[in-house]
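Working notes, structure below.
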Amino acid sequence: MRTSQFSPAPLAAAVSLALSTVLPLAQADTIIDHANGYTLNAAGTLQRFSSLAFDDLGRIVAVGSERETAIRLPKAEHIDAQGKTLLPGLIDAHGHVFELGEIASGVELFSATTLGGAVRAVAEFGRSHPKHAWVVGFGWNQEVWKLGRFPTAAELDAVVGDRPVLLHRVDGHAIWVNTKALEMAGITRDTPDPNGGKIERDAAGKPSGVLVDAAMELVAKVVPLPTPNEARGMLDNALSALAKAGLTSVHDAGIKVVQDDLYRDYADHGRLTTRVYAMIGDTTADFDELSKEGPLKSYGNDVYALAAVKLYSDGALGSRGAALLAPYSDMPSTRGLLFYPNAEMLAKMNKAMKAGYQVNVHAIGDAGNRQILDAYAQLIPKYNNVELRHRIEHAQVVALEDIPRFKALGIIPSMQPTHATSDQNMAEQRVGHERIKGAYAWRTFLEQGSRIACGSDFPVESPNPFEGLHAAVTRQNNAGVPAGGWYKNQAMTLTEAFRCFTLDAAYAAHQENVIGTLEPGKWADFILIDRDLFKVPAEQIGKTQVLQTWMGGKRVYKKDKRPD
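Note that the sequence shown covers residues -28 to -1, 1 to 536 in mature numbering (1 follows the signal peptide of the UniProt record, and there is no 0).
So, in structure tokens, the structure goes:
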């Protein structure tokens, strides 16, 4: 069993190292005292401290012991951490902010363990929200239901037939709709499958109610856009959830002009309580508008950046949309779907690189990953821009011979630990015993020297980073399944997992010099939690509660105390 790389050293030695570099004498607004502090340094080595000082701008001035920070900053306000564990704010390198906020206003299907339960939830939502023009929901998973098939429009028609229903699959790569939605979108038996998408059909060829990947757009285009007030409500909901989770920075994987406008407005008015590193969704009209002045590397004291582009190579394993080099082991009639032919994908990546953007491409299947690696192999030498730290988002099932290419090309694998523990119920059935060796292969990537940027893909998974840390270390889900861990040989140590949710996630956004660790000169982004993360049994990591979240020296979340 692997153990943490951290071995406690005497506090005095750690303090001395932490204070070896400090800013010039300055008046700090605040000193956090009596903390059980942990941070990495710039080299990725775990450090201990008990006191953190930051100035009125929210930048760290000193990290060390109470005595040394007090001597340097005799007039600072002191806050007693009462021995609570203090960590750098955690970073989620792949999420969908507005979608997280939208879930609060729709049907919750993540907890539906049967088809009947999902249908009942839709029926209840429809009855209790009679003024909603569309019934929208999130989180269904036919694999959990043990159906052996996709659900159908008829099953929704039985409970909501008078208005359209649109339900997003748990992975976001398929939707389940009723007949009304199909009719409004003009989808009939004669509608062809779009490139990179599939319309599921019954035995007679009639659309059955599930649309996969690019086919989802046929319905999405007739769904009314949220009003400005609705969009603000989504963002407010998401920011609240992220602060509660202890996330002080997130990478938003695919935004449009309207969302960029909101982010800038919130940054201007001090309303961004989590830093956002955003990626422009695709290289189409929104990119043309947003890229006119080139990459936005920092805005509003590093609370917002727009310096990357998000593209899609393929779909997801659960809906068999991930593109595989050989047929699916549990459905030999398909290999999944590449969204674009090689030449078209290369053109999209070329357009983004030519404009100076980091390129981050969703690729889940081994064929999807190979397509993108091949494109990077052509384009990175062309533009000589390895320093942009291009990424593959998910890097979920990779041919073993392709894994070394990530390191050789300088590609960051942006991976989500809870995907492995959520997918364990179907992943090996999808790809078989041999291909699974290159799937969710964190240890293989780390041992070749790749820096993994960890995230959750929220709202596909919970935004709670401690669930991600738990999955990374144990290869188990929240219920401790399976015993001993799923392919435990690919697990991370706790220090490695901590690094991929802090320093290396910051590195993947070119922000390692301003966030990711608690060091002088960086922003005072930190959290207080209810247990010593590096001393509790591994099974307790995912149960960690965030007590306070601070971003830029300001507290943005405090856990309410329960009444006695």
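Note that CB positions come from ideal geometry on N, CA and C, so glycine has one too.
Since residue i and residue j are thought to touch, with beta carbons under 8 Å apart, how far apart are those beta carbons, to the nearest angstrom?
i      : j      : result
Pro431 : Leu154 : That belief does not hold up - the Cβ atoms of Pro431 and Leu154 are roughly 25 Å apart, past 8 Å.
Ala277 : Leu268 : 6 Å
Arg377 : Leu345 : 5 Å
Gly109 : His140 : 7 Å
Ala14  : Glu491 : 7 Å
Leu310 : Gly410 : Their Cβ separation, rounded to whole angstroms, is 18 Å, which puts Leu310 and Gly410 out of contact at 8 Å.
Pro435 : Leu244 : Pro435 to Leu244, Cβ: 16 Å. No contact.
Val142 : Gly290 : 7 Å
Asp286 : Arg247 : That pair is no contact at about 29 Å.
Val445 : Ala510 : 5 Å
Val281 : Phe259 : 7 Å
Ser394 : Glu433 : 6 Å
Leu137 : Val107 : The sequence given here has Val at residue 137, not Leu. With 8 Å as the limit, Val137 and Val107 qualify as a contact, their Cβ atoms being about 4 Å apart.
Ile147 : Met188 : 5 Å
By the three-class DSSP mapping on this structure, what secondary structure does residue i have?
i       : result
Lys530  : strand
Pro376  : helix
Arg503  : coil
Tyr329  : coil
Gly521  : Correcting the residue type first, residue 521 is Thr in the shown sequence and not Gly. Reduced to three states, the DSSP call for Thr521 is strand.
Trp112  : strand
Val248  : strand
Ala496  : coil
Pro200  : helix
Ala399  : helix
Tyr284  : strand
Ala425  : strand
Ser212  : helix
Ser221  : strand
Phe430  : strand
Met206  : helix
Gly452  : coil
Gly120  : coil
Met464  : coil
Gly73   : helix
Leu(-6) : Unreliable positioning characterises Leu(-6) in this predicted model, as indicated by a pLDDT of 41, which lies under 50. A coordinate reading is not provided.
Ile43   : helix
Which same chain residues, not among the five before or five after residue i, have their C-beta less than 8 Å away from its C-beta?
i       : result
Ala25   : Ala(-1), Thr2, Ile3, Ile4, Ile32, Val33, Ala34, Val35, Thr41, Arg44, Leu45 and Ala48
Gln420  : Ile375, Pro376, Phe378 and Lys379
Leu87   : Gln114, Trp117, Leu119, Pro123 and Glu127
Leu(-4) : Model confidence at Leu(-4) stands at a pLDDT of 42, short of 50, so the residue's coordinates are unreliable; what they give is reported in the following sentence. Within the same chain, Leu(-4) has close Cβ partners Arg44.
Leaving out the 5 sequence neighbours to the left and right, which residues in its chain are closer than 6 Å to residue i when beta-carbon positions are compared?
i           : result
residue 564 : Coverage of the chain is limited to positions -28 through 536, which leaves residue 564 absent and any answer about it impossible.
Leu441      : Ala469 and Ile513
residue 554 : As displayed, the chain neither begins before -28 nor continues past 536, which places residue 554 out of reach and without an answer.
Gly382      : Val358
Thr521      : Ala215, Gly218, Ile499, Val528 and Tyr529
Thr151      : Ala125 and Asp129
residue 556 : Since the first residue shown for the chain is -28 and the last is 536, residue 556 is missing from the structure and cannot be characterised.
Val(-7)     : Residue placement at Val(-7) cannot be trusted, given a pLDDT of 42 that sits under 50; what the coordinates show is reported in the next sentence. Excluding positions up to five away in sequence, the list reads Ala34 and Pro492.
Phe21       : Ala(-11), Gly9, Val35 and Gly36
Any C-beta of chain C sitting closer than 9 Å to the C-beta of residue i?
i      : result
Asn150 : This model lacks chain C altogether, as it is built from one protein chain only.
Can you name the residues that DSSP bridges to residue i?
i      : result
Lys170 : Val184
Thr2   : Phe26 and Glu49
Cys472 : Answer by DSSP bridge pairing: none, since Cys472 is not bridged.
Arg20  : Tyr10
Lys409 : None; Lys409 has no bridge partner.
Ala34  : Ala25
Ser348 : What sits at residue 348 in the sequence shown is Tyr, not Ser. Partner(s): none; Tyr348 has no beta bridge.
Trp148 : Leu139 and Val182
Arg363 : Asn332 and Ile384
Leu268 : Leu278
Leu58  : Gly9 and Leu500
Val369 : Ala411
Val79  : Gly109
Gly253 : Lys282
Ile63  : Ser221
Can you find a heavy atom of the ligand ADP that lies under 8 Å from the Cβ of residue i?
i      : result
Met156 : Absence of the ligand ADP is noted for the structure shown, with no ligands found whatsoever.
Give me, in chain order, the residues of the same chain whose beta-carbon lies closer than 7 Å to that of residue i; leave out the 5 immediate sequence neighbours on both sides.
i      : result
Asp52  : Asp5 and His6
Ala371 : Leu297, Asp338, Arg342 and Gly410
Gly16  : Arg471 and Leu475
Asp504 : Asn8 and Thr57
Phe438 : Ile513, Gly514 and Thr516
Ala84  : Ala90, Ala93 and Trp112
Ser301 : Gln401, Arg402, Val403 and Gly404
Ala76  : Asn209
Ala349 : Leu381
Does the stretch 86 to 98 come close enough to the stretch 220 to 230 to have 3 or more Cβ pairs within less than 8 Å?
no
Specify whether the stretch 401 to 409 and the stretch 294 to 306 touch according to this definition: at least 3 beta carbon pairs, one from each stretch, less than 8 Å apart.
yes
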